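Chemist: Each residue of the sequence shown is one higher than the last, beginning at 1 in full-length UniProt numbering.
Built from N, CA and C at the ideal position, the CB exists for glycine as well.
Model, not experiment: these values are computed from the prediction.
Take a look at this one; I'll ask things after.
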Amino acid sequence: MTDLTVRRATRDDVPALVALIAADQLGAGRETPDDPTPYLAAFDAIDADANQYLAVAELDGALVGTLQLTYLPGLSHRGGWRSQIEAVRIAEPHRGSGLGSELIGWAIERARERGCRMVQLTSNASRDGAHRFYTRLGFAPSHVGFKLAL
Numbered sequence: 001m002t003d004l005t006v007r008r009a010t011r012d013d014v015p016a017l018v019a020l021i022a023a024d025q026l027g028a029g030r031e032t033p034d035d036p037t038p039y040l041a042a043f044d045a046i047d048a049d050a051n052q053y054l055a056v057a058e059l060d061g062a063l064v065g066t067l068q069l070t071y072l073p074g075l076s077h078r079g080g081w082r083s084q085i086e087a088v089r090i091a092e093p094h095r096g097s098g099l100g101s102e103l104i105g106w107a108i109e110r111a112r113e114r115g116c117r118m119v120q121l122t123s124n125a126s127r128d129g130a131h132r133f134y135t136r137l138g139f140a141p142s143h144v145g146f147k148l149a150l
């Protein structure tokens, strides 16, 4: 275990979070960190929603990771809530250090505290390393996901 601190993101964190999301093979082609306008509007919507938690992971005061945790009610699973983990990123110099496992563990604990019956996530089909990581943490590749760009 490290001295990783996880806290709710603030509006001031948005530029660093967007840079982190843009710093991989998928984000590099779709994100525009030099224009904060759409990200700030998205942050405001996330921050105003009690079923959303945009997390910042810090190590020695430096931002080293992020994820978004969403709480979803549903009729299936006997009306049980579930938690969706999205946009998991660990800064490149810290990958493989165990920080990602700690951050996911933190998210699972928050889901338990909220009474969720399951935690789910999706991962781009091209992210083989991420798939091995999530499997190692106990996640099962149980579904096939589909997306439609609008």
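1) Is the distance from the Cβ of L26 to the Cβ of R114 below 9 Å?
2) Could you pull out every unbroken alpha helix (DSSP H) segment of at least 4 residues lying fully inside the UniProt domain "N-acetyltransferase" (4-150), listed in chain order?
3) To the nearest angstrom, report how far apart A48 and D13 are at their CA atoms.
4) Decide if G65 is buried, meaning its Cβ has at least 16 other Cβ atoms within 10 Å, or exposed.
5) By Cβ distance, which residues of its chain are closer than 6 Å to G100, with the 5 residues on each side in sequence left out?
6) Throw me the rounded Cβ distance for the P33 and P15 pair, which I believe falls under 8 Å.
7) Measure the alpha-carbon distance for D60 versus V6 and round it to whole angstroms.
8) For F146, does the count of other Cβ atoms within 10 angstroms reach 16, so buried, or fall short, so exposed?
Modeler: In this structure, then:
1) On the sequence shown, position 26 is the one that residue 26 refers to. On the sequence shown, position 114 is the one that residue 114 refers to. No; because the gap between Cβ atoms is not below 9 Å, this pair is not in contact.
2) Taken in chain order, the unbroken stretches of alpha helix (DSSP H) that lie wholly in the UniProt domain "N-acetyltransferase" (4-150) and span 4 residues or more are 14-22, 27-30, 37-48, 76-79, 99-113 and 128-136.
3) By 1-based counting over the sequence shown, the position of residue 48 is 48. By 1-based counting over the sequence shown, the position of residue 13 is 13. Answer to the nearest angstrom: the Cα atoms are 16 Å apart.
4) For this step, residue 65 is matched to residue 65 along the sequence shown. G65 should be labelled buried.
5) In the sequence shown, counting from the first residue as 1, residue 100 sits at position 100. If the five residues before and after G100 are omitted, its C-beta is found closer than 6 Å to the C-beta atoms of I90, all from its own chain and listed in chain order.
6) By 1-based counting over the sequence shown, the position of residue 33 is 33. By 1-based counting over the sequence shown, the position of residue 15 is 15. About 7 Å separates the Cβ atoms of P33 and P15, confirming a contact at the 8 Å cut-off.
7) Indexing the sequence shown from 1 puts residue 60 at position 60. Indexing the sequence shown from 1 puts residue 6 at position 6. C-alpha separation (whole angstroms): 12 Å.
8) Residue 146 sits at position 146 when you count from the first residue of the sequence shown. F146 should be labelled exposed.
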